[in-house]
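Numbering-wise (numbering that gives the first Met the number 0), the sequence shown opens with residue 0 and increments by one.
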Amino acid sequence: MSGQLSGSMGAHRKGIIILTYVLAALELTCLFMQFSFLPYLSRTLSLDSVNFGYLQTIFGTLQLLGGPVFGRFADQYGARAALSLSFVAASALYLLLAASCSPALPGVFLLFASRLPSALMHTLTAAQMVITDLTAPAERPAALGRLGLCFGVGMIFGSLLGGTLSTAYGIQCPAIVAFVVTFLGAILSFTCIPVTTKDASVQSAHHGGTNAGVFDLKAITRLLLLPRVLPVFLVKVISGLPTGLFLVMFSIVSMDFFHLEAAEAGYLMSFIGILQMVIQGLVIGRLSTHFPEEALLQSSVLVYAVVGLGMALMSNVLHFCLLAPGLVYSLCTLNVVTDSMLTKAVSASDTGTMLGLSASVHPLMRTVGPTLGGLLYRSYGVSIFGHVQLMVNLLVLLVLWRKPLSQKKDKVR
Numbered sequence: 000m001s002g003q004l005s006g007s008m009g010a011h012r013k014g015i016i017i018l019t020y021v022l023a024a025l026e027l028t029c030l031f032m033q034f035s036f037l038p039y040l041s042r043t044l045s046l047d048s049v050n051f052g053y054l055q056t057i058f059g060t061l062q063l064l065g066g067p068v069f070g071r072f073a074d075q076y077g078a079r080a081a082l083s084l085s086f087v088a089a090s091a092l093y094l095l096l097a098a099s100c101s102p103a104l105p106g107v108f109l110l111f112a113s114r115l116p117s118a119l120m121h122t123l124t125a126a127q128m129v130i131t132d133l134t135a136p137a138e139r140p141a142a143l144g145r146l147g148l149c150f151g152v153g154m155i156f157g158s159l160l161g162g163t164l165s166t167a168y169g170i171q172c173p174a175i176v177a178f179v180v181t182f183l184g185a186i187l188s189f190t191c192i193p194v195t196t197k198d199a200s201v202q203s204a205h206h207g208g209t210n211a212g213v214f215d216l217k218a219i220t221r222l223l224l225l226p227r228v229l230p231v232f233l234v235k236v237i238s239g240l241p242t243g244l245f246l247v248m249f250s251i252v253s254m255d256f257f258h259l260e261a262a263e264a265g266y267l268m269s270f271i272g273i274l275q276m277v278i279q280g281l282v283i284g285r286l287s288t289h290f291p292e293e294a295l296l297q298s299s300v301l302v303y304a305v306v307g308l309g310m311a312l313m314s315n316v317l318h319f320c321l322l323a324p325g326l327v328y329s330l331c332t333l334n335v336v337t338d339s340m341l342t343k344a345v346s347a348s349d350t351g352t353m354l355g356l357s358a359s360v361h362p363l364m365r366t367v368g369p370t371l372g373g374l375l376y377r378s379y380g381v382s383i384f385g386h387v388q389l390m391v392n393l394l395v396l397l398v399l400w401r402k403p404l405s406q407k408k409d410k411v412r
C-alpha cells in the first residue's frame, strides 16, 4: 500500500514538472515573438534608436526591480499564485502591445505602457521554483538544465512565428496570438498547479516563524549577503556581463553588422535556440553527473574567454555561427550551475526569493545594456564585446582558480 502511495505521489510530481515545462515553453515562445517584431514595430511608430533604447531600459529596469519581489511572493503564496500572476501580467503586456499597433490609438504611449506589466512577468523563475521544490539536490542541475529545452523551443518557434506572422498577417498578429496563449497559460496555471510545491515540513516551518512581508527588502538582501551566496552571485553577474551586453545589442548587430533581414535574423535566432536545446537540455545534465559544479563553472568561464577572443576577430555572420556553440555552452552552463549552487546555499523556504534574485541578473543586463552596449558599439564596433569578454573572464577564471568557491563551508541557518 505504501509503495502504491509513493508511486502515485511520484507520478503526480512528474506530471506537475512536465506541465511546468510546457507552460515555460509557451511563455518563452511568446516572449521571443515579441523580441522578434518589437524593433520593427518601433520603426513603424517612428521611434529612433535612442527611444528604442529607452524602451528596452524600462523593460529591464521593471524586471530587475520586480524579480526579487516576485520570488518572495512565490515563497509566501505558492507556485500556483506565482505562475498565474506571471501569465496574467504577460497577457496584459501583449494586449497593450496589440493595441499599440492600431493607427486609431496613441501607439507610442501604449507601446511604453506595455512595459509596465513586465515587472511581474517571471514565468521562468516560477518554473525554476517548482522544479527546485520537486527535485532532490543531486538531480537539480539536470532538472533545471532541461528548462533549456523549453528556452530553445521558445527561441526557435517564437523567433520564427514572430517574423512569419508579422510578414503574412500584419505586425499586430503576433501580439494577439501571444495574448491568447498567455491567457490560456494563466487558466492552466490556476487550475492544474498545486497551491504550493514545497514539502509540508518546510511550509509549516515557514508559517510558524516570523513571516516577513513580500516587500521586505531586509529579508531579500539578507539572502544575497550570505557568505555562500554572494561569491556565486558575483561570478554570475561579472562573467555574464559582456555576453549580456552583446545579446542586448544583437538585433542591431544583426541589421547593421551582419546585414540580415528580419526572416534571416529569425533563422539565426532559431539556430541559437537549437544549440541551447541540445546543450542545456542534454549536455549539461550528463556533465553534471560526472563533474562537480565547481569544475563546470570554471569550464564555462574558460570557454567564455576563448569565445571572446574569437568574437574580437569575427567579421561576418559565418564566423559568429562557428563561435555560437561555445557561446551557448558558456551561457547555459553558467546559468544552470549558478542557479543550482544558489538554491543549495539557502533554506528550502527561501528558494523562490533566491531564484528571483538570480533571475534579476538578466534584467540587469537589459537595463544597463542598451545604454552601455550602444555606447561601446558606436565608439568601437562589434569587436569591443569580444575584447571585454576575454579580459573579464580571464580575471574571473584567475580568481576561481586561486580561491575556489567550494572552500566556503558556511552553513545556512
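Ideal placement from N, C-alpha and C gives every residue a C-beta, glycine not left out.
Counting of Cβ neighbours within 10 angstroms places N392 among the buried residues, the total reaching 16 or more.
Around the beta carbon of K197, 16 or more other beta carbons lie within 10 angstroms, which makes this residue buried. Taking the C-beta atoms as reference points, C320 is found no nearer than 8 Å to V180. For the pair P173 and D47, the Cα-to-Cα distance works out to about 22 Å. Excluding the 5 residues flanking it on each side, Y376 has same chain C-beta neighbours closer than 6 Å at M248, in chain order. Counting only unbroken stretches of 4 or more residues, the alpha helix (DSSP H) elements lying wholly within the stretch 274-305 are 283-289, in sequence order. Looking at L119, M390, D338, the one whose alpha-carbon comes closest to that of F86 is L119. Looking at M154, V305, P226, the one whose alpha-carbon comes closest to that of L267 is M154. DSSP places T337 in the uninterrupted alpha helix (DSSP H) bounded by 316-343. Per DSSP, the continuous alpha helix (DSSP H) segment holding P67 begins and ends at 48-76. Apart from the 5 residues on each side of it in sequence, V387 sits with its Cβ closer than 6 Å to the Cβ of P241 in its chain, given in chain order. L160 has its alpha-carbon roughly 19 Å from the corresponding atom of S99. Pairing L333 with G147, the inter-Cα distance amounts to about 12 Å.
Burial of I130 is indicated by the presence of at least 16 other C-beta atoms within 10 angstroms of its C-beta. Taking 8 Å as the cut-off, the Cβ atoms of G272 and A141 do not count as close.
In this chain, T134 is not harboured by any alpha helix (DSSP H), its DSSP state being neither H nor E. In this structure, the CA atom of G385 is about 35 Å from the CA atom of R221. If only complete runs of 4 or more residues are kept, the stretch 341-378 shows the alpha helix (DSSP H) at 350-358, in order along the chain. Comparing alpha carbon positions, the residue from L326, F150, L94, L404 closest to F245 is L326. Taking the CA atoms as reference points, F111 sits about 9 Å from F58. Here V194 has G77, R79 as same chain residues with Cβ atoms under 7 Å from its own Cβ, once five neighbours each way along the sequence are excluded. Residue environment for F150: buried (at least 16 other C-beta atoms within 10 angstroms of its C-beta). Around A125, the same chain offers A73, A78, A81, L82, S85 as residues with beta carbons nearer than 7 Å, after the five sequence neighbours per side are excluded. Secondary structure at T196: coil, using DSSP grouped into helix, strand and coil. Rounded to the nearest whole angstrom, the CA to CA distance from G265 to D255 is 15 Å. Pairing M364 with E263, the inter-Cα distance amounts to about 25 Å. Excluding the 5 residues flanking it on each side, C191 has same chain C-beta neighbours closer than 7 Å at L18, in chain order.
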